[in-house]
Structure formats: structure tokens, C-alpha cells
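Its first residue numbered 1, the sequence shown is counted upward by one per residue in full-length UniProt numbering.
See structure below.
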Amino acid sequence: MLVIAHRGGGGLRVENTLAAFGNAIRLGAAGAELDVRLSADGEVVVHHDACLNPAYCRYRGRWVSRTDRKRIADLAYAELRECDIGRRRTGTRYADKFDLVQDVDGERIPLLRDVVRLVKSESDRFFLVIEIKTPVLQAASQPWRTLVDKTLAIVETEGLGDRFTLCSFDWGALTYAMAQRPGTTTWFTTQPLSWYGDAPASEVDLQPVTASLIKLRTKYRMGSAPWFGGYDPRDFSDGYAEAIAAAGGHAWFMYHRDYSSEHASALLRHGMGGCAWSVNLRDPDEVRRVASLGADAICLDYPGSYTA
1 MLVIAHRGGG
11 GLRVENTLAA
21 FGNAIRLGAA
31 GAELDVRLSA
41 DGEVVVHHDA
51 CLNPAYCRYR
61 GRWVSRTDRK
71 RIADLAYAEL
81 RECDIGRRRT
91 GTRYADKFDL
101 VQDVDGERIP
111 LLRDVVRLVK
121 SESDRFFLVI
131 EIKTPVLQAA
141 SQPWRTLVDK
151 TLAIVETEGL
161 GDRFTLCSFD
171 WGALTYAMAQ
181 RPGTTTWFTT
191 QPLSWYGDAP
201 ASEVDLQPVT
211 ASLIKLRTKY
221 RMGSAPWFGG
231 YDPRDFSDGY
241 AEAIAAAGGH
251 AWFMYHRDYS
261 SEHASALLRH
271 GMGGCAWSVN
281 LRDPDEVRRV
291 ASLGADAICL
301 DYPGSYTA
């Protein structure tokens with residue numbers, strides 16, 4: 001089972017920084033997952049949140065306000081370059097949750113091409129799992145077209161070859177990418193499947209924003225789930241694995257707790273790959289459980305603990 005550094009290995013360096021990606025390469029991870037968005041002037045930048053994250057972002061030397069978070073899409077890249085994102089903000093939930101992070105001052109929000117160049121200069125095997133980050137609740141408007149086009153152009157121009165995979169919770173972005181660049185490897189990502197149920201999100205699962213969860217569940221129950229890109233698993237007798245296979249995907253990228261023997265069997269029936277993602281997972285027994293089910297890869301914030 002391959003180990004992929006989640007957001008570059010966000011448990012060891014601040015997420016989505018060049019310091020994180022460089023560290024993941026040195027630790028021997030097979031690759032790194034990262035998140036891409038568009039700046040106001042159309043640059044493909046690497047940042048998880050839609051807004052500057054106040055838990056680790058200082059703008060022109062001052063911490064970003066928790067109440068006035070600037071949107072990535074509203075800032076030109078020259079402005080984003082003025083952010084230092086290498087240090088956790090003391091007293092935040094993020095700093096407490098990721099207590100093993102080694103802070104590195106002077107880290108800037110990187111461009112996708114910066115990460116590609118780092119990877120190419122440091123390794124001839126390390127690959128990138130690039131998440132197309134757009135709001136799934138707006139999937140019907142296809143907000144990902146320009147981002148996908150520019151992402152594909154960058155990996156092509158920078159000569160990354162086939163050392164990348166695209167993933168997204170919005171499956172339409174992935175089917176579009178495969179149409180634009182035949183042969184592109186895609187991992188179809190899913191939220192924790194418990195989010196679609198009626199019960200409150202489990203305390204042991206990743207906790208969603210309540211308002212967003214309500215909207216997601218409402219659309220899902222109404223039969224309107226545009227983030228599946230026309231391949232709603234409820235329309236397929238064998239569920240997610242069959243739906244992803246029908247869409248032409250290469251793997252189901254599921255939340256680690258959803259990786260079950262039942263889902264593993266479905267993946268085998270449809271000749272599909274299976275990968276797992278996690279956030280702040282530190283339980284080696286859970287990693288071994290996922291491996292025992294035949295997963296091809298797992299995405300971890302602490303890649304160095306499991307690369308052996």
C-alpha cells in the first residue's frame with residue numbers, strides 16, 4: 001500500500017507548503033496530495049480553504065483576522081505572496097490538533113508549478129494527487145472548468161508526465177478532465193458516507209460544518225446530487241464502485257473509515273482501484289486494517305511513520 005502525504009504531510013509541517021512537500025519526499029512517501037484553487041488573476045495556487053486560513057496565515061506580518069477572512073478567489077497572486085503560512089497560530093484548534101508540526105517561517109502560498117518543479121528536482125518517482133477544489137454544492141454550474149484546464153496545462157508545460165492524479169469530490173470535474181486529456185488518472189473522492197445518513201455525524205468521524213452538512217443532506221435526499229457528475233451511485237446496483245467504473249475513473253478515493261470488506265469486494269468486481277484518505281489519523285492499527293483490505297494507497301498527515 002502506497003503512502004501519500006496528505007496536504008504534503010500536514011501533521012509534520014504546515015499543510016500545502018513547499019516545506020511540507022520537501023519533507024514528504026525526504027521521508028520516502030510515494031507522493032503527496034494537495035489542493036488547488038484559482039487566484040483573482042487566474043493563477044493556480046495551492047491552498048486548502050476557500051479563504052486565507054487564520055490558523056496559520058500572516059498577511060503583511062499580521063495574523064489574518066478570524067472574522068474577516070479574505071477569499072483566495074478575490075486576491076491576486078501578488079497579494080497572496082505577502083502571506084507567510086509556515087507557522088501555526090498559538091492557541092488555535094489547528095495548533096492543538098497538529099501539535100507535532102515543525103514551524104518554518106517564510107513559507108509562502110505556492111503556485112502549482114512551484115510544487116511540480118520542487119518534485120521534479122528532488123525525485124524521479126514522487127507523484128502528486130491534485131485535488132480540484134471547488135464548492136460541491138455549486139457543482140451544477142461547473143465551477144471547475146477553468147481550474148481543470150489550467151491545472152492540466154501546467155502539468156503538461158512543466159513536463160510532469162504521468163506522475164500525477166486528479167481527484168475531486170465533484171466528479172464532473174474528473175470526467176471533464178479525462179475528456180480534455182485522455183489518459184489522465186482520476187481518483188473519485190467521497191465525503192464520509194455517514195454524512196448522507198440521518199444521524200448526527202459520528203464523533204469519531206471527521207466533523208463537517210453543520211450548515212454545509214444540512215445543505216448537502218437536503219440536496220441528496222431530494223435526489224439532486226450534482227457533485228456526482230451524472231453518475232449517482234444510487235442509480236447503480238453495485239453502488240459507488242460501479243458508478244465510478246461507469247464514469248471511467250481509476251479508483252474510489254474514500255474516507256478511511258468507509259474502507260470495508262464489502263466495498264473492497266465491490267472494487268474487485270469492477271476492476272477498480274481503492275484508496276483511502278484521512279485527516280490527522282495517528283492510529284497504526286487503522287492503517288494496517290485498511291492495508292489488509294487491499295487498498296492501493298492511503299493518504300496520511302504523518303507519512304514518515306508508515307512508509308516502511
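Idealized CB from N, CA, C, for every residue including glycine.
If the five residues before and after residue 88 are omitted, its C-beta is found closer than 8 angstroms to the C-beta atoms of 14, 55, 56, 94, 95, 98, 101, 103, all from its own chain and listed in chain order. Across the structure, residue 61 and residue 82 are spaced so that their CA atoms are roughly 8 angstroms apart. Leaving aside the five residues that flank residue 158 on each side, the residues in its chain whose CB is nearer than 6 angstroms to its CB run, in chain order, 113, 116. Here the alpha carbon of residue 284 sits roughly 41 angstroms from the alpha carbon of residue 78.
Counting only the Cα atoms, residue 162 lies some 15 angstroms from residue 249. Membership of residue 239 in the alpha helix (DSSP H) is indicated by the continuous run 239-247. Taking residue 132 as reference, the option from 186, 24, 107, 30 with the minimal CA-CA separation is 186. Distance from residue 3 to residue 298 at the Cβ level is roughly 6 angstroms; contact confirmed, criterion being Cβ atoms closer than 8 angstroms.
Excluding residues up to 5 positions away in sequence, 27 lie with their Cβ nearer than 6 angstroms to the Cβ of residue 304 in the same chain. The C-beta of residue 125 has fewer than 16 other C-beta atoms within 10 Å across all chains shown, which makes the residue exposed. Burial is judged here by how many other beta carbons sit within 10 angstroms of a residue's own beta carbon; residue 267 has at least 16 and is buried. In this structure, DSSP gives residue 37 an extended state, which the three-state scheme calls strand. Assignment of residue 98 by DSSP, reduced to helix, strand and coil, places it in the coil class. Straight through space, the alpha carbons of residue 106 and residue 263 are spaced by roughly 43 angstroms. Sequence-distant Cβ neighbours of residue 152 in its own chain, meaning closer than 8 angstroms and more than five residues away, are 177, 180, 181, 184. Pairing residue 22 with residue 260, the inter-Cα distance amounts to about 33 angstroms.
The beta-carbon distance between residue 167 and residue 189, rounded to whole angstroms, is 5 angstroms. This is short enough to meet the 8 angstroms contact definition.
The beta carbon of residue 73 sits closer than 8 angstroms to the beta carbons of 37, 38, 39, 40, 50 from its chain, once the five residues preceding and following it are set aside; these are given in chain order. Judged by their CB atoms, residue 170 and residue 227 are nearer to each other than the 8 angstroms cut-off. Secondary structure at residue 277: strand, using DSSP grouped into helix, strand and coil.
Looking at the DSSP output, residue 59 shares a beta bridge with 62, 83.
Collapsing the DSSP output to three states places residue 253 in a strand. If you compare the alpha carbons of 200, 17, 154, 84 with that of residue 213, the shortest gap goes to 200.
Under the DSSP assignment, residue 262 falls in the alpha helix (DSSP H) whose first and last residues are 261-269. Its Cα nearest to that of residue 145, the residue 42 stands out among 257, 32, 46, 42.
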